[in-house]
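Below you'll find the structure, written out as structure tokens, and then a few comments.
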Amino acid sequence: MIYTARGAIHKGELGVTLGHEHIKWETDEFWANSMYFDKKYQVENIETDMKHIIPIMLDIKARGGKSIVETSPPIGGQNVRLLKVLSEQTDMHIIPCTGWNMTKQLYEVFPDHFEEQLANRWIKDFKEGLGCIDGIVIRPGHIKLLLDKGALSSVDKAMLIAAVRASKETSLPIHCHILEAEMVHEVIQVLNGVNADYNKFLWAHADRDANRETVELAAKKGMWIGIDNIRKGTSAQKFELLSYIISLNYGHKVLLSQDYDFYSEGKESMDHHPCTSIFDEFIPYCVANGMNRQEIIRIMTENPANFYDVDAI
Ligand SMILES: [Zn+2]
Numbered sequence: 001m002i003y004t005a006r007g008a009i010h011k012g013e014l015g016v017t018l019g020h021e022h023i024k025w026e027t028d029e030f031w032a033n034s035m036y037f038d039k040k041y042q043v044e045n046i047e048t049d050m051k052h053i054i055p056i057m058l059d060i061k062a063r064g065g066k067s068i069v070e071t072s073p074p075i076g077g078q079n080v081r082l083l084k085v086l087s088e089q090t091d092m093h094i095i096p097c098t099g100w101n102m103t104k105q106l107y108e109v110f111p112d113h114f115e116e117q118l119a120n121r122w123i124k125d126f127k128e129g130l131g132c133i134d135g136i137v138i139r140p141g142h143i144k145l146l147l148d149k150g151a152l153s154s155v156d157k158a159m160l161i162a163a164v165r166a167s168k169e170t171s172l173p174i175h176c177h178i179l180e181a182e183m184v185h186e187v188i189q190v191l192n193g194v195n196a197d198y199n200k201f202l203w204a205h206a207d208r209d210a211n212r213e214t215v216e217l218a219a220k221k222g223m224w225i226g227i228d229n230i231r232k233g234t235s236a237q238k239f240e241l242l243s244y245i246i247s248l249n250y251g252h253k254v255l256l257s258q259d260y261d262f263y264s265e266g267k268e269s270m271d272h273h274p275c276t277s278i279f280d281e282f283i284p285y286c287v288a289n290g291m292n293r294q295e296i297i298r299i300m301t302e303n304p305a306n307f308y309d310v311d312a313i
């Protein structure tokens, strides 16, 4: 099953999916915490947020998109009440997440049993739901981590270990933001150390520092690879990476997306937003350069359906 803001769906229902987007990033951590921990959602904000986000989602839908993966973690203000209403009003699927949910400095205060306690919280989010809204229990469909740049910090290492524990218990996939290819080597060491299932691990933003040797290593390990910054004006570069991955016979484990923030783009302009660039620019560019359109649609449909599919609980 795939867990969405309207409940569980069968993987065959997912359709064409943007595998890494942000519905609305909330920078106010107090407000983000009160949504995640206290389940308090300000209804009046939801009304105005919807006005900016719904037209963008409908533009995506008009081009054949059916599902969006929300990658704002709890501390980024993921608002499951908003996700549910958006999903209902557009008849699109949105896959929420659990994951990074607190200031990382807390690790300095509570290093003992950190991994275990964090994993337990994420497991609880899955088993009990992130929230129960209008009688629907909304469960996370993935575990979202954001690793900082530079050498892998102790807290990021602990978060990775916690995510693997929670993933083993729940079967949820791990969606891991890594901006520098060099870090992937350190991440692999940690994952090997806890006997992680690479089929449950996504290197998100692999296209930000598209080092071919590291991409090949990631493919050898069996991890999923995110080409998820397919933004306006980037088609040539992203096409080249996708072609390379397909040449490795690894096209079945790539997730494609744009990494836009729908709320802020919609607020800026609802008529000239870039949130459909993948359909308007990238796919036509790939087709003009010899790629089969059906193959790209298959990548955007079957791959996320396989990655986000979680054994029923
Ligand atoms: Zn992102």
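Going letter by letter, the sequence shown gives residues 1 to 313 in this note's numbering.
Every residue gets a Cβ at the ideal spot worked out from N, C-alpha and C, and that includes glycine.
Problem - CA-to-CA distance, Gln105 to Tyr315, given in whole angstroms - result: The requested residue 315 does not occur in the structure, where the chain is confined to residues 1 to 313.
Practice task
Could you tell me the distance, in whole angstroms, from the CA atom of Tyr285 to the CA atom of Leu202?
Solution key: Distance between the alpha carbons of Tyr285 and Leu202: 25 Å.
Problem - Near ligand 1: Asp259 beta-carbon under 6 Å from a heavy atom - result: Ligand 1 approaches Asp259 closely enough that one of its heavy atoms is under 6 Å from the residue's Cβ.
Problem - Assigned secondary structure, Val137 (DSSP; H/G/I helix, E/B strand, else coil) - result: Three-state DSSP puts Val137 in a strand.
Handout entry: the stretch 267-276 in contact with the stretch 211-230 per 3-pair CB rule at 8 Å
Key = The stretch 267-276, when compared against the stretch 211-230, does not touch it at the 8 Å Cβ threshold.
Exercise for the section: Would you mind sorting Phe239 into buried or exposed? The rule is 16 or more other CB atoms within 10 Å of its CB. Expected result: Within 10 angstroms of the beta-carbon of Phe239 lie 16 or more other beta-carbons, which makes it buried.
Practice task
Classify Ala206 as buried or exposed, calling it buried when 16 or more other Cβ atoms lie within 10 Å of its own Cβ.
Solution key: With 16 or more Cβ atoms within 10 Å of its Cβ, Ala206 is classed as buried.
Problem - Beta-carbon proximity check, Glu128 vs Pro96, cutoff 7 Å - result: No. Outside cutoff.
Handout entry: Sequence-distant residues of its chain with Cβ nearer than 8 Å to Met394 (five each side left out)
Key = Because the chain spans 1 through 313 in this model, residue 394 falls outside it and cannot be assessed.
Practice task
Measure from the alpha carbon of Val16 to the alpha carbon of each residue in Trp100, Val155, Glu115, Leu255, then state which is nearest.
Solution key: Of the candidates Trp100, Val155, Glu115, Leu255, the one whose C-alpha sits nearest the C-alpha of Val16 is Leu255.
Exercise for the section: Give the DSSP bridge partners of Cys97, in chain order. Expected result: Cys97 is bridged to His142.
Exercise for the section: Reducing DSSP to helix, strand and coil, say where Cys20 ends up. Expected result: It should be pointed out that residue 20 corresponds to His in this sequence rather than to Cys. His20: strand per DSSP, three-state reduction.
Exercise for the section: Could you have a look at His10 and say whether DSSP puts it in helix, strand or coil? Expected result: In the three-state DSSP reduction, His10 falls in the coil class, being neither helix nor strand.
Practice task
Would you mind working out which of Val184, Ser235, Pro74, Asn229 sits nearest Glu216, comparing C-alpha positions?
Solution key: Residue nearest to Glu216 within the set Val184, Ser235, Pro74, Asn229 is Val184 (criterion: CA-CA distance).
Practice task
Find out if the Cβ-Cβ distance for the pair Asp271, His20 is shorter than 7 Å.
Solution key: In this structure, Asp271 keeps its C-beta atom at 7 Å or more from the C-beta atom of His20.
Problem - Start-to-end residues for the alpha helix (DSSP H) that takes in Glu302 - result: It spans 293-307 - the alpha helix (DSSP H) in which Glu302 sits, taken as one unbroken run.
Practice task
Pick out whichever of Leu191, Ile246, Gln189, Phe282 has its Cα sitting closest to the Cα of Thr234.
Solution key: Among Leu191, Ile246, Gln189, Phe282, the Cα nearest to that of Thr234 belongs to Phe282.
Exercise for the section: Specify whether the stretch 134-150 and the stretch 159-179 touch according to this definition: at least 3 beta carbon pairs, one from each stretch, less than 8 Å apart. Expected result: The stretch 159-179 and the stretch 134-150 touch, with three or more beta-carbon pairs separated by less than 8 Å.
Exercise for the section: May I ask which residues mark the beginning and end of the alpha helix (DSSP H) holding Leu372? Expected result: No information on residue 372 is available, as it lies outside the stretch 1 to 313 that the chain covers here.
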